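Only one structure is covered here, and it is reproduced in the block below.
Residue numbers (this note's numbering), protein chains in the order written: chain A, 56 to 164; chain B, 144 to 263.
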């Protein structure tokens, strides 16, 4: 099974900061990686697919990079609306049962 | 506009069966490539995929839970139903349904989720 590990678990930052969240895969997943944003009480929202493809409507301050086993989600110039929990997911799996990272909570400093 | 909405009981007793319904709109369950999955989120734990039904009515289950899960659909009602038997307090979670446009695709639209607490 491929396991996804995110770091850090919690990240404190201020409005205007640039932050990076890392996701590591236990084996090579090429670029089959998605990033989701979830706010309390809301549905997760797909931000990025194929490691770096921004979904329609997602602000350009979000970007994704990486391939193989190491990936990053970068948020430039943090906005108040960005404080949320972020998850990575390996999705090129027939049975994607353990394919989500454990999440990174982005908090206001 | 594509949307998914979950419904189900808020409280279930141990050993009982949980039945959850996902009502979809804005797309057809039988359109080529369309899949609906159930994913749960336990407090303090990672998102866990449970089951999927695809546009050809093929069903896929988590290997660790497959003996307890059944996924089905009611196409005229635009609904996907998940049943989970023999509920335990560790199954307390928010249960989401989510769409993917292909088996090997990310979940592009999610429902808000329905919380199920397992307690006597």
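Even for Gly, the Cβ is constructed at its ideal location relative to N, Cα and C. These numbers come from a predicted model, not from an experiment.
DSSP places residue 145 (chain B) outside any beta strand (DSSP E), giving it a letter other than H or E. At least 8 Å separates the beta-carbon of residue 155 (chain B) from that of residue 236 (chain B). Rounded to whole angstroms, residue 66 (chain A) and residue 220 (chain B) show a C-alpha spacing of 43 Å. CA-CA distance, residue 256 (chain B) to residue 98 (chain A), rounds to 7 Å.
Legend: CB atoms of the stretch 119 to 151 of chain A lying less than 8 Å from CB atoms of chain B belong to residues 142, 144, 146, 147, 148, 149, 150, 151. The criterion of a C-beta distance shorter than 8 Å is satisfied by residue 218 (chain B) and residue 173 (chain B). Contacts with chain A at 8 Å (Cβ-Cβ) include residue 251 (chain B). Remark: fewer than three beta-carbon pairs, one from each stretch, lie closer than 8 Å, so the stretch 73 to 86 of chain A and the stretch 236 to 248 of chain B are not flagged as touching.
At a beta-carbon threshold of 9 Å, none of the residues of chain A lie near residue 201 (chain B); the nearest stands roughly 11 Å away. Proximity of chain A to residue 236 (chain B) at the Cβ level (cut-off 9 Å) is not reached, the minimal Cβ distance being about 13 Å. Interface annotation, residue 161 (chain A): not in contact with chain B, CB-CB separation never under 8 Å.
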